[in-house]
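A.B. asks: Below you will find the structure I want to go over with you.
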Amino acid sequence: MTEAAAPDGTEYAEDAYAVVIPTLGRPSLAACLRALARSGGPRPVRLVLVDDRPDASVAALTDEIPEQLRPLTTVVRGGARGPAAARNAGWRAAGRVPWIVFLDDDVLPSPSWAEDLALDLAGATYRTGAVTARIDVPLPPDRRPTDWERNTAGLATARWITADMAYRRTALEAVGGFDERFRRAFREDADLALRVIAAGWTVTAGDRRTTHPVRPADRWVSVRLQAGNADDVLMTRLHGRTWWSRAGAPRGRLPAHLAVTAAAVTALACAALGRRRAATACAGLWLAGTAEFALARIGPGPRTRDEVVTMAVTSVAVPPAAVWHWLRGQVAHRNTEPVTAHGPGEPPRSPRAPDRERVPS
Numbered sequence: 001m002t003e004a005a006a007p008d009g010t011e012y013a014e015d016a017y018a019v020v021i022p023t024l025g026r027p028s029l030a031a032c033l034r035a036l037a038r039s040g041g042p043r044p045v046r047l048v049l050v051d052d053r054p055d056a057s058v059a060a061l062t063d064e065i066p067e068q069l070r071p072l073t074t075v076v077r078g079g080a081r082g083p084a085a086a087r088n089a090g091w092r093a094a095g096r097v098p099w100i101v102f103l104d105d106d107v108l109p110s111p112s113w114a115e116d117l118a119l120d121l122a123g124a125t126y127r128t129g130a131v132t133a134r135i136d137v138p139l140p141p142d143r144r145p146t147d148w149e150r151n152t153a154g155l156a157t158a159r160w161i162t163a164d165m166a167y168r169r170t171a172l173e174a175v176g177g178f179d180e181r182f183r184r185a186f187r188e189d190a191d192l193a194l195r196v197i198a199a200g201w202t203v204t205a206g207d208r209r210t211t212h213p214v215r216p217a218d219r220w221v222s223v224r225l226q227a228g229n230a231d232d233v234l235m236t237r238l239h240g241r242t243w244w245s246r247a248g249a250p251r252g253r254l255p256a257h258l259a260v261t262a263a264a265v266t267a268l269a270c271a272a273l274g275r276r277r278a279a280t281a282c283a284g285l286w287l288a289g290t291a292e293f294a295l296a297r298i299g300p301g302p303r304t305r306d307e308v309v310t311m312a313v314t315s316v317a318v319p320p321a322a323v324w325h326w327l328r329g330q331v332a333h334r335n336t337e338p339v340t341a342h343g344p345g346e347p348p349r350s351p352r353a354p355d356r357e358r359v360p361s
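Structural data, given as C-alpha cells:
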C-alpha cells in the first residue's frame with residue numbers, strides 16, 4: 001500500500017477500472033470497503049482513498065482497509081476542500097486506468113457489484129463518457145419515512161449521482177474533472193455530467209446496484225441543506241435556466257420561500273413604521289405560508305411528536321435560510337461565465353483511436 005501516487009506508464013485493458021472514494025473518516029467507510037472486498041467479479045486495479053479530513057494529524061485510514069484490498073490501495077490527502085476537489089485528487093492519482101468509478105464512503109456495493117460493473121463497462125461504446133448505477137435507499141418497513149429519510153430516498157432517482165458513478169478517464173480529462181467551486185456534495189455531479197454531455201459524450205444507465213443507507217442526522221439538517229441554493233445559482237450561471245429539466249432535478253420550493261420570507265420582512269418593516277393593518281396582513285400571509293409548508297412536510301411522515309416538533313420549528317427557519325443562501329450565491333457567482341459547448345477538450349474520437357489515448361486539455 002502506498003501513501004502517494006507515482007506516474008503510471010502501465011498499459012491496461014480497456015475495461016480496467018480504479019475505485020476512488022473520498023472520505024471524512026466516517027464509520028461507514030469500513031462497511032463500504034468490506035462490501036467492496038466481498039463483491040464478486042473483476043477487482044479494481046487500484047483503490048484510491050482520498051482523506052479529506054481537515055486535520056492531517058488524525059489517525060490514518062489504513063486500519064479500515066480489508067486485507068484483500070491493501071495491495072491495491074493508495075491514500076492521498078484531499079485538503080478538506082470538499083468532495084469535488086477530493087474526487088479530482090483521487091482520479092488524478094489513479095494512474096492511466098481507463099475507467100474511474102467514484103463511490104461515496106457511506107454506500108454498500110452489492111455482492112455482485114464488480115461482476116455487474118464489468119457488464120456495464122463491456123456495454124459502453126467509444127462515445128460513452130459515463131455509466132450510472134442503480135441506487136437503493138432502504139426505508140423503514142414498519143412506519144412512514146421521516147422528512148430526512150424521504151430526502152435521502154431522492155438519491156434513488158437522481159440522474160447522475162456520484163455515490164456510484166463510472167467515468168471514462170478521457171472524458172474527465174476532456175472537461176477538466178469536477179468543478180471545485182462546488183464545495184458540498186450537491187450539484188457537482190450534475191454539473192460534471194452536463195459538461196461531459198456538452199463535450200460530445202453520452203451518459204448511459206448501468207445495471208449494477210449499490211445501497212445508500214440513511215445516515216443519522218440531527219433536527220436541523222434540513223436548515224443546513226439550504227446552502228445548496230447557492231449551488232443552484234452557480235448551476236444556472238454555468239448551464240442556463242434549462243439545466244433543471246436537462247438534469248432531471250426537482251425545482252424545490254424557492255419561489256414559495258421567497259414569498260414567505262418577503263411577507264415576514266414586510267410585516268416587521270410595517271410594524272416598525274406603525275402601520276398595524278399592513279403588518280397584520282403580512283404577518284397573516286407569513287403564518288399561512290409557514291403553516292402550509294409545515295403541513296406538507298408532516299403529512300407524509302410518521303407524525304410522531306418529535307417529527308412534528310422538528311417540522312414545525314424548521315419550517316420557520318428553512319425559508320429565510322434558503323433565501324439567504326440564494327442571495328449569497330447571486331453575489332458570489334455574479335461574474336461566472338457560462339460553460340462553452342465543448343469546454344477545454346475535444347469530443348470523443350472514433351474507434352480507430354484507442355480509448356486510453358489522452359484527450360488534449
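Start counting the sequence shown at 1; every next residue gets the next number (full-length UniProt numbering). All C-beta atoms, glycine included, are put in the ideal place defined by N, C-alpha and C. These numbers were taken from a predicted model, which means no experiment stands behind them.
#1: Give me whichever residues DSSP pairs with D164 in a beta bridge.
#2: Which first and last residues belong to the alpha helix (DSSP H) in which residue 365 is found?
#3: To the nearest angstrom, how far is the alpha carbon of A158 from that of P145?
#4: Can you check which of these residues, R209, R253, D55, G79, is closest to I135 by C-alpha distance?
#5: Return the chain-ordered list of same chain residues with a C-beta closer than 6 Å to the C-beta of W326, the five sequence neighbours on each side being excluded.
#6: Skipping 5 residues on each side, what residues in its chain have a beta carbon closer than 6 Å to that of T314?
#7: Taking only three categories from DSSP, how would you classify D207?
#8: Output the distance between the C-alpha atoms of D355 and T170, rounded to the nearest integer angstrom.
#9: So L172 is in the alpha helix (DSSP H); what residue range does that whole segment cover?
#10: Do R168 and G200 have their C-beta atoms closer together than 7 Å?
#11: Residues bridged to D136 by DSSP?
#12: Is DSSP giving V19 helix, strand or coil here?
#13: Please state the DSSP three-state secondary structure of T202.
#14: A256 by DSSP, collapsed to three states: which one?
#15: Count the other C-beta atoms from every protein chain shown that fall within 10 angstroms of the C-beta of P83, then say buried if there are 16 or more, exposed otherwise.
#16: Cutting at 6 Å between CB atoms, please list the residues of its own chain near L117, excluding the five before and the five after it.
#17: Just the C-alpha distance for L33 and P302, rounded to the nearest angstrom, thanks.
#18: So, is R277 buried or exposed, given that buried needs 16 or more other C-beta atoms within 10 angstroms?
#19: Can you tell me whether P338 is buried or exposed, with buried defined as 16 or more other CB within 10 angstroms of its CB?
#20: Closest by CA to V101, which one among G79, V131, S112?
#21: Can you tell me where the alpha helix (DSSP H) holding N88 begins and where it ends?
#22: Alpha carbon to alpha carbon, what distance is there between A190 and W244?
#23: Once DSSP output is grouped into helix, strand and coil, what is the label at V265?
#24: Once DSSP output is grouped into helix, strand and coil, what is the label at A291?
#25: How many angstroms separate the CA atom of A267 from the CA atom of R275?
#26: Nearest-angstrom Cα distance between E3 and T125?
#27: Less than 7 Å separating the beta-carbons of G40 and S112?
#28: Can you tell me whether E11 is buried or exposed, with buried defined as 16 or more other CB within 10 angstroms of its CB?
#29: Measure the C-alpha to C-alpha separation of D231 and R87 and round it to an integer number of angstroms.
#30: Return helix, strand or coil for P319, following the three-state DSSP convention.
#31: At what residues does the alpha helix (DSSP H) containing E67 begin and finish?
#32: Count the CB pairs spanning the segment 316-323 and the segment 245-261 that are closer than 8 Å, and state whether there are at least three.
#33: With a CB to CB cut of under 6 Å and the five nearest residues on each side skipped, what residues in its chain are close to residue 362?
#34: I'd like the list of long-range same chain contacts for V137, defined as Cβ closer than 7 Å, with 5 residues on each side in sequence excluded.
#35: For E67, which option in A30, P250, G329 has the closest C-alpha, if you only look at C-alpha atoms?
#36: Whose CA, out of S110, E115, W148, E173, lies closest to the CA of P98?
C.D. replies: Quick look at the numbers:
#1: DSSP output for D164 lists L103 as bridge partner(s).
#2: For the chain, the structure presents residues 1 to 361; residue 365 sits outside this window and is missing.
#3: Between the C-alpha atoms of A158 and P145 there is a straight-line separation of about 18 Å.
#4: Of the candidates R209, R253, D55, G79, the one whose C-alpha sits nearest the C-alpha of I135 is R209.
#5: If you ignore the 5 residues before and after W326, its C-beta comes within less than 6 Å of the C-beta of N229, all in its own chain and listed in chain order.
#6: S222, V223, listed in sequence order.
#7: Three-state DSSP puts D207 in a strand.
#8: Summary for D355: the model assigns pLDDT 40, below 50, so the residue's position carries little reliability; its value from the coordinates is reported in the next sentence. Straight-line Cα distance between these residues: approximately 7 Å.
#9: Its alpha helix (DSSP H) spans residues 169-175.
#10: When the beta-carbon positions are compared, R168 and G200 stay at least 7 Å from each other.
#11: Paired residues: T211.
#12: DSSP places V19 within a strand segment (E or B) once states are collapsed to three.
#13: The answer is strand: DSSP assigns T202 an E or B state.
#14: It is helical.
#15: It counts as buried.
#16: So the list reads R208, once near-sequence residues are dropped.
#17: The alpha-carbon of L33 is positioned some 33 Å away from that of P302.
#18: So R277 counts as exposed.
#19: Counting C-beta atoms within 10 angstroms of its own C-beta, P338 has fewer than 16 neighbours from the protein chains shown and is therefore classed as exposed.
#20: Taking only the C-alpha atoms, the option nearest V101 is V131.
#21: Run containing N88: 83-92, per the alpha helix (DSSP H) assignment.
#22: Rounded to whole angstroms, W244 to A190 spans 10 Å at the Cα level.
#23: V265: helix per DSSP, three-state reduction.
#24: Three-state DSSP puts A291 in a helix.
#25: Between A267 and R275, the C-alpha separation is close to 9 Å.
#26: Annotation note: pLDDT 43 at E3 (below 50); position unreliable, coordinate value reported separately. Rounded to the nearest whole angstrom, the CA to CA distance from E3 to T125 is 34 Å.
#27: If you check the CB distance, G40 and S112 come in under 7 Å.
#28: Around the C-beta of E11, fewer than 16 other C-beta atoms lie within 10 Å, and the residue is accordingly described as exposed.
#29: Spanning the two alpha carbons is a distance of roughly 18 Å.
#30: Three-state result, P319: helix.
#31: For E67, there is no enclosing alpha helix (DSSP H), as DSSP gives it neither H nor E.
#32: Three or more beta-carbon pairs separated by less than 8 Å link the segment 316-323 to the segment 245-261, which places the two stretches in contact.
#33: Residue 362 falls outside the range modelled here, since the chain spans only 1 to 361, and no answer is possible.
#34: T152, A153, L155, A156, H212, V214.
#35: The residue with the shortest Cα to Cα distance from E67 is A30.
#36: Comparing C-alpha distances from P98 to each of S110, E115, W148, E173 shows the shortest one belongs to E173.
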